[in-house]
Structures are given as C-alpha cells and as structure tokens.
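Residues 5 to 518, numbered by our numbering, are exactly what the sequence shown covers, in order. Have a look at the structure below before the remarks.
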Amino acid sequence: MVLNRPLPQSRRRRDDLREIPSGGGKRFSSIDARPSIACDVPPRECGNACRIAIYLPVRNIVPQRNPSVFFVSSEFRFADRFPRWKFSSTPAESEGNHRARAEFARELEQLGFDAVFIADFAGLNRTQIAYDGPRSFEPLTLATYLAAHTDRIGLVITLSTQFSEPYTVARELTSLDRLSGGRAGWNVVTSFNGEVNYGYTTLPAPQDRYRRAREFLGVTKALWKSWDPDAIIADPDSEIYVDTDRVRDIDWEGENFRVRQALDLPPAPQSFPVIAQAGASDIGIEFAAESAEVVFVASPDLASGQSYYRKLKDAVVAKGRHPDDLKVLPGIRIYLGDTETDAKAAYRAELTDRDLERAREAIRYEIPELDLTDLGFDDPIPLDRFPTLAELEQRGRRVSRALIYRRWIETGEYATLRDFLVRYATSFGHFQIVGTAEHAAATIAQWIDEGAADGFILLGGSSFERIRRDLLPRLRDLGIFRDPENENGHDVGLRRRLGTTTPGLETTRLLVES
C-alpha cells in the first residue's frame with residue numbers, strides 16, 4: 005500500500021470515482037481494472053490529514069463527459085490540404101503574415117481550444133515549397149510572438165533532440181514559458197531527415213536517436229531543477245538577490261552530453277514545459293510512456309486508434325505512472341457538408357491529375373524507398389513496392405506512417421494509385437471524417453467513449469470557418485468541447501489545463517496498488 009492524502013472534491017480527476025476502504029481493492033493488471041489516482045496536492049498546500057485510500061471506478065454509473073483536449077495545428081487555416089495555396093480558404097500571401105497568425109491564435113483561444121501545435125521539419129523539401137509554399141517561421145520565434153498576443157491558449161513547439169543542445173533548449177523553453185505565463189509545451193522529436201544540414205553523412209539509427217533523446221531530456225530536466233524554488237530571496241538587509249547556494253551545478257557526464265553548470269535562468273511558471281511526443285514505433289511508445297504528457301499519433305481508423313491507445317496506456321502504467329497523466333491525441337481532418345453527398349464533394353474538391361502527380365512526389369520525399377513513379381493513376385499498387393519494417397528501421401526512416409500506407413493497400417481499401425493518392429493528399433495518414441456536422445460530432449464522441457482518443461489535434465479539411473460554425477456547437481452540446489466562458493478570463497497554465505503531470509516534478513502523482 006501507499007500512503008496518500010484524499011483528493012479534495014474539486015481536484016478529483018474523474019466524476020465516476022468512489023472511495024472504498026483500504027484492503028477492498030485488487031491488484032490491477034490492465035487499464036480496465038486500474039485503481040485511480042491518489043493526490044497531486046503538494047503537502048505544503050494541503051490541509052487534509054494523510055491516510056490510506058484507494059479510488060476505483062464505479063462501473064454502474066455512466067460518467068459525465070468532461071471537456072476533451074483539442075489542439076489545432078498552426079497551419080490549419082493556412083493549409084487545408086495539399087496543395088495548400090490552391091485549396092486554403094485564406095489567401096496564399098497571408099501564410100507569412102504574422103498578424104494573421106496572431107488573429108488565428110486569438111480566435112482559437114476565444115473558442116476554447118487548449119493549444120496551438122507548431123510542427124517543424126529539419127531541412128528543405130523542394131516538392132513542398134514548389135507546390136505548397138514555404139514555411140515562413142521557425143517554431144520558437146512564432147510561439148514567442150503568439151504568446152504576446154494571447155492569454156490562455158497553450159503553445160506547443162517542435163524542437164529536435166538530434167540537431168540541438170540541451171542547454172540551449174532549456175534556456176529557450178524557460179523563456180517561452182515565462183513570457184507566455186506558463187503555457188509552453190515541447191514536442192520532442194528525434195527527426196527522420198535533415199541530417200545533411202547538421203554535419204551528418206547519414207542519419208543515426210532510430211535506437212541511437214532515441215537514446216540521445218532520452219539523455220537530452222534528462223539533461224534539460226536536470227537544468228530546470230537546478231534552481232530551488234526559493235533561490236530568489238531579494239533580501240534588502242543582506243543586499244542578496246539570489247542565494248547561490250540554492251542554485252546547484254548539474255555536473256552531467258553522459259554518453260552524448262557534458263554539461264557542468266546550472267541553468268542561468270530561474271525556474272519558469274510550470275518548471276518544465278508540457279512534454280509532447282509523436283513516436284508510434286515500439287521504441288517511440290516506450291519513450292513516450294516514460295516522459296510524455298501528450299502524444300500525437302496518426303490513427304487512420306477506430307480499430308487502429310483503439311489498439312494504439314491501449315498499447316500506450318498499458319506502457320504508461322508499466323512505467324509506474326497513472327494512465328490519465330498522458331493524453332493521446334490523434335490527428336484528424338474533417339470534411340463537412342450539409343449532406344453526405346456535399347461532404348464527399350468537398351473531400352474530393354478539385355483534385356486534378358496534376359495535383360495527384362505532386363502528391364506522388366511528396367510521398368516519395370517522405371518515404372524515399374516507396375517508388376510509384378512508373379505507375380499510372382488507374383493502376384493497382386503492388387504490395388512489394390512498400391518497404392518492410394526491417395528495411396525502414398535499417399535505414400532509420402519514418403516507420404509508422406509508411407506502415408499505415410502499406411495497410412491501405414493490404415486491406416484493399418484503395419484499389420488504384422489514384423484512390424491512394426487522393427487519400428494521401430487529403431489526410432497524410434491521419435483519420436478523416438467526411439459527412440455532416442452531426443455525423444462528425446458523433447464520430448468524435450465515439451472515438452473518445454470507446455477508448456481511441458483523449459482528444460484530437462485538428463489538422464485541416466473543410467474551412468476552419470465551417471468547423472467553427474457547424475461542428476464546435478455540437479461538440480459543446482455533447483459535453484466534449486470546452487466552453488470558453490468557463491475560463492472566466494483567468495490565465496491557466498497548460499499543464500493545469502490538461503490535468504497531466506510529468507515525471508521529474510515533485511507534484512507527480514502516485515499510483516496506488518494493493
């Protein structure tokens with residue numbers, strides 16, 4: 005047993021929990037038979053006497069839905085589909101307009117979205133810039149600008165552990181978290197291309213990249229903890245501002261990094277940024293289970309979403325964490341219409357053979373081993389064109405997305421190259437909904453209720469204006485989407501908003517077993 009304080013009612017994580025006497029529980033072996041959390045209130049803030057308690061789900065009560073997590077890609081309004089300049093509802097020239105980006109972020113905040121997600125890739129993609137236009141900002145600078153023009157919405161940026169240094173990243177994210185009032189998040193990536201721009205002849209193998217990422221994260225967390233919370237004393241009598249005895253060098257000596265000093269910046273509001281990750285391979289899942297609070301995933305259908313969700317949550321429990329401390333957010337593209345026929349027309353839109361040719365070039369850049377250049381649009385795709393898992397891992401390339409594309413052909417879902425490229429150009433391997441707003445809302449609720457998602461990251465599809473007008477009110481009616489009025493105008497840190505914890509913080513909750 006573990007000694008824990010009872011959660012105050014306002015801090016309990018679920019509405020469907022009851023308290024039972026100690027000794028009445030059973031040891032859990034899966035997500036479906038798990039004790040729930042104990043307490044995340046630091047002792048100095050808690051007035052309750054500690055005692056032994058176990059919280060178990062009450063199975064005969066239908067839980068009231070709590071608002072789910074909704075992130076939005078920063079590219080959504082500016083990149084509805086490939087090629088984005090052709091199909092976007094926003095003029096192409098506004099993609100590089102920083103004021104348009106800030107207006108979009110403010111709109112998302114007012115609607116009740118939890119965070120803006122800013123993706124990034126290391127290196128020049130000539131196919132993308134030729135047909136899709138270039139990215140106009142790197143993530144950190146854009147997020148810092150957005151922080152100055154918003155109050156509540158989270159700002160999650162992508163930074164590579166392969167092409168960066170821990171001390172630099174720790175300083176950057178500390179600054180972003182302070183400037184934003186505790187709204188920073190870090191999408192930790194190991195990168196699958198761009199090595200030629202950073203002094204590498206070849207990209208290191210996935211296991212080597214993840215080993216470096218694990219150490220990289222360890223160094224940054226050590227730096228973020230190198231200042232005691234009370235290191236700043238600002239004592240007028242002694243004329244001492246910082247008690248340097250409470251700022252300790254980390255003296256890190258590892259396989260990849262040697263870092264001697266403490267961080268030169270005091271702790272940020274969240275101490276650590278919210279840690280996000282997007283790996284779907286076995287090694288990526290293990291890394292996420294150890295370290296992440298949010299995981300982005302490409303799940304093309306409900307069954308694969310449920311399988312990934314269970315696998316990841318089981319891995320989280322195996323690491324001694326509570327499964328609710330990690331949120332699974334599949335990417336989603338939504339194509340809406342007044343009728344199903346209208347929605348299908350919006351989905352196909354005006355994709356021409358020229359657009360599909362460009363999509364063929366784009367997938368070759370993403371997966372160089374997949375050569376479709378000699379096939380006609382109405383030809384079937386031979387399965388042996390797809391690289392095997394062993395081949396992908398050997399070459400250190402993007403594994404999970406390639407396996408999704410392979411499954412599309414294995415299942416016979418897309419009989420021709422044309423069908424395959426239409427799906428690729430409109431979803432890039434992510435789940436997509438094509439239908440009315442009512443159908444889309446019901447499908448989103450199904451994914452959450454049936455254990456495939458804790459929320460979603462909206463990537464594109466129909467115009468954002470249509471999703472705002474037709475879909476979001478229905479999601480609010482279902483209790484899924486956050487009502488912005490509940491914020492009462494107060495700034496809320498991103499971690500508190502998500503209800504997660506990260507390993508390494510003193511407030512990390514304990515799992516209870518008996």
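Positions of the beta carbon are idealized from the N, C-alpha and C atoms, including for glycine.
(request) List the residues that DSSP assigns as beta-bridge partners of PHE460. (result) Translated into positions along the sequence shown, residue 460 becomes position 456. According to DSSP, PHE460 bridges with PHE74.
(request) Below 6 angstroms CB to CB, which residues in the same chain sit around ILE413 once its five sequence neighbours on both sides are set aside? (result) Within the sequence shown, the letter at position 409 stands for residue 413. Result list for ILE413: ILE385, LEU387, in chain order.
(request) Examine chain D for any beta-carbon lying closer than 9 angstroms to the beta-carbon of ALA188, and answer yes or no. (result) Structure shown: chain D not included; a single protein chain is present.
(message) With three or more C-beta pairs closer than 8 angstroms as the rule, is the segment 262–282 touching the segment 179–187?
(response) yes
(message) By alpha-carbon positions, which one of ARG427, ALA119, PHE121 ends up nearest to ARG364?
(response) By 1-based counting over the sequence shown, the position of residue 364 is 360. The residue with the shortest Cα to Cα distance from ARG364 is ARG427.
(message) Tell me which residues share the same chain as ILE408 and place their Cβ nearer than 7 angstroms to its Cβ, disregarding the 5 neighbours each side in the sequence.
(response) For the purposes of this step, residue 408 is taken as residue 404 along the sequence shown, with counting starting at 1. Within the same chain, ILE408 has close Cβ partners ALA302, PRO304, GLY433.
(request) Compare the C-alpha of ASP357 against each of PHE424, ALA446, ASN70 and name the closest. (result) What you label residue 357 is simply residue 353 of the sequence shown in a count that begins at 1. Answer by Cα proximity: PHE424.
(request) Using three-state DSSP, classify ASN201 as helix, strand or coil. (result) Within the sequence shown, residue 201 is the residue found at index 197, counting from 1. If DSSP states are grouped into helix, strand and coil, ASN201 belongs with the helices.
(message) Tell me which residue opens and which closes the beta strand (DSSP E) that LYS315 is part of.
(response) Counting from 1 along the sequence shown, the entry for residue 315 is found at position 311. Taken as a continuous stretch (DSSP letters only), LYS315 belongs to no beta strand (DSSP E), being part of the alpha helix (DSSP H) at 306–322.
(request) Compare the beta carbon distance of GLY335 and PHE220 with 9 angstroms and say whether it is the shorter of the two. (result) Taking the first residue of the sequence shown as 1, we reach residue 335 at position 331. Taking the first residue of the sequence shown as 1, we reach residue 220 at position 216. Going by C-beta atoms, GLY335 is not nearer than 9 angstroms to PHE220.
(message) Which same chain residues end up closer than 7 angstroms to LYS323 when comparing Cβ atoms and leaving out the 5 residues on each side of it in sequence?
(response) If you number the sequence shown from 1, residue 323 lands on position 319. Result list for LYS323: ALA293, GLU294, in chain order.
(request) Return the first residue and the last residue of the alpha helix (DSSP H) that THR220 is part of. (result) As a first step, residue 220 must be located in the sequence shown, where it is residue number 216. Thr is not the amino acid found at residue 220; the sequence shown has Phe there. Its alpha helix (DSSP H) spans residues 210–228.
(request) Would you tell me roughly how many angstroms separate the C-alpha atoms of PHE167 and ALA284, rounded to the nearest one? (result) On the sequence shown, residue 167 is found 163 positions in, with the first residue counted as 1. On the sequence shown, residue 284 is found 280 positions in, with the first residue counted as 1. Rounded to whole angstroms, PHE167 to ALA284 spans 21 angstroms at the Cα level.
(message) Please return the same chain residues whose Cβ sits closer than 8 angstroms to the Cβ of LEU144, not counting the five positions on each side in sequence.
(response) Taking the first residue of the sequence shown as 1, we reach residue 144 at position 140. For LEU144, same chain residues with a beta-carbon under 8 angstroms away, outside a window of 5 residues either side, are ILE161, LEU163, GLU176, LEU180 in chain order.
(request) Using 10 angstroms around the beta-carbon of ARG63, count the other beta-carbons present and answer buried if the total reaches 16, otherwise exposed. (result) Here residue 63 is taken as the residue at index 59 of the sequence shown, counted from 1. Note that ARG63 scores a pLDDT of 31, beneath 50, so its modelled location is shaky and nothing firm can be said.
(message) At the level of alpha carbons, what is the spacing between GLU4 and THR205?
(response) Given that the chain is displayed from residue 5 to residue 518, the structure contains no residue 4 and the question cannot be resolved.
(message) I'd like to check one pair, VAL246 with TRP256: are the Cβ atoms closer than 9 angstroms?
(response) In the sequence shown, the residue the question calls residue 256 occupies position 252. In the sequence shown, the residue the question calls residue 246 occupies position 242. Their beta carbons are not under 9 angstroms apart, which means TRP256 does not touch VAL246 by this criterion.
(message) I need the boundaries of the beta strand (DSSP E) containing ASP239, first residue and last residue.
(response) Taking the sequence shown and counting its residues from 1, one reaches residue 239 at position 235. Taken as a continuous stretch (DSSP letters only), the beta strand (DSSP E) holding ASP239 covers 236–239.
(request) Go ahead and label THR430 buried or exposed: buried means 16 or more other beta carbons lie within 10 angstroms of its beta carbon, across all protein chains shown. (result) One-based indexing of the sequence shown puts residue 430 at position 426. Classification for THR430: buried.
(message) Which of the three DSSP states is assigned to ALA42 in this structure?
(response) As a first step, residue 42 is located in the sequence shown; it is residue number 38 there, counting from the start. Residue confidence is low: ALA42 scores 38 on pLDDT, short of 50, so the model does not pin down where it sits. Its coordinate-derived value is still stated next. Coil, per DSSP.
(request) Using 10 angstroms around the beta-carbon of VAL173, count the other beta-carbons present and answer buried if the total reaches 16, otherwise exposed. (result) As a first step, residue 173 must be located in the sequence shown, where it is residue number 169. So VAL173 ends up on the buried side.
(request) Leaving out five residues on either side along the sequence, give the residues of the same chain with a beta carbon under 7 angstroms from the beta carbon of GLN265. (result) Position 261 of the sequence shown, counted from the start, is the residue given in the question as residue 265. Annotation for GLN265: ASP253 place their beta carbon closer than 7 angstroms to its own, counting only its chain and skipping 5 residues before and after.
(message) Pop quiz: ALA217 and PHE291 are said to be a contact at Cβ under 8 angstroms. What is the actual Cβ separation, rounded to whole angstroms?
(response) Translated into the one-based positions of the sequence shown, residue 217 becomes position 213. Translated into the one-based positions of the sequence shown, residue 291 becomes position 287. The Cβ separation is near 7 angstroms, so the contact holds.
(request) Kindly indicate which residue of GLU79, ALA449, ASP232, TYR214 has the alpha-carbon position closest to the one of VAL287. (result) Here the question's residue 287 lines up with position 283 in the sequence shown. Note that residue 287 corresponds to Ile in the displayed sequence, not to Val. Ranking GLU79, ALA449, ASP232, TYR214 by Cα distance to ILE287 puts TYR214 first.
(request) Kindly indicate which residue of ASN101, ARG110, SER230 has the alpha-carbon position closest to the one of PRO138. (result) By one-based count along the sequence shown, residue 138 stands at place 134. Minimum Cα distance to PRO138 is reached at ASN101.
(request) Pull up the distance between the alpha-carbon of VAL278 and that of VAL298, whole angstroms please. (result) The residue you call residue 278 lines up with position 274 of the sequence shown. The residue you call residue 298 lines up with position 294 of the sequence shown. So the alpha carbons of these two residues sit roughly 8 angstroms apart.
(message) According to DSSP, is SER467 part of a helix, a strand, or is it coil?
(response) Translated into positions along the sequence shown, residue 467 becomes position 463. Coil.
(request) Kindly indicate which three-state DSSP category ALA109 falls into: helix, strand or coil? (result) Translated into positions along the sequence shown, residue 109 becomes position 105. ALA109 falls in the helix class under three-state DSSP.
(request) Grab the span of the beta strand (DSSP E) containing LEU376 for me, first residue to last. (result) Residue mapping note: residue 376 aligns to position 372 of the sequence shown, counting from 1. No beta strand (DSSP E) contains LEU376, which DSSP labels as neither H nor E.
(request) Using three-state DSSP, classify GLY189 as helix, strand or coil. (result) In the sequence shown, residue 189 corresponds to position 185, counting from 1. Correct three-state label for GLY189: strand.
(message) Closer than 8 angstroms is the cut-off here; do at least three beta carbon pairs connect the segment 470–479 with the segment 436–443?
(response) yes
(request) Can you grab the Cα-Cα spacing for the pair ILE338 / ASN201, in whole Å? (result) On the sequence shown, position 334 is the one that residue 338 refers to. On the sequence shown, position 197 is the one that residue 201 refers to. Cα to Cα, ILE338 sits roughly 35 angstroms from ASN201.
(request) My understanding is that ARG422 touches PHE390, with C-beta atoms under 8 angstroms, so please give their C-beta distance in whole angstroms. (result) Here residue 422 refers to the residue found at position 418 when the sequence shown is read from its first residue. Here residue 390 refers to the residue found at position 386 when the sequence shown is read from its first residue. In fact, because the Cβ distance is near 17 angstroms, the residues do not count as touching under 8 angstroms.
(request) For ALA147, write down the residues that DSSP places opposite it in a beta bridge. (result) Here the question's residue 147 lines up with position 143 in the sequence shown. DSSP, once it has assigned bridges, lists no residue as partnering ALA147.
(message) Could you check whether ALA188 and ALA147 sit closer than 9 angstroms to each other, using their CB atoms as the reference points?
(response) Residue mapping note: residue 147 aligns to position 143 of the sequence shown, counting from 1. Residue mapping note: residue 188 aligns to position 184 of the sequence shown, counting from 1. Yes.
(message) I'd like the list of long-range same chain contacts for GLY127, defined as Cβ closer than 6 angstroms, with 5 residues on each side in sequence excluded.
(response) Start at 1 with the first residue of the sequence shown, and residue 127 comes out as number 123. Result list for GLY127: ASN197, GLY198, ASN201, in chain order.
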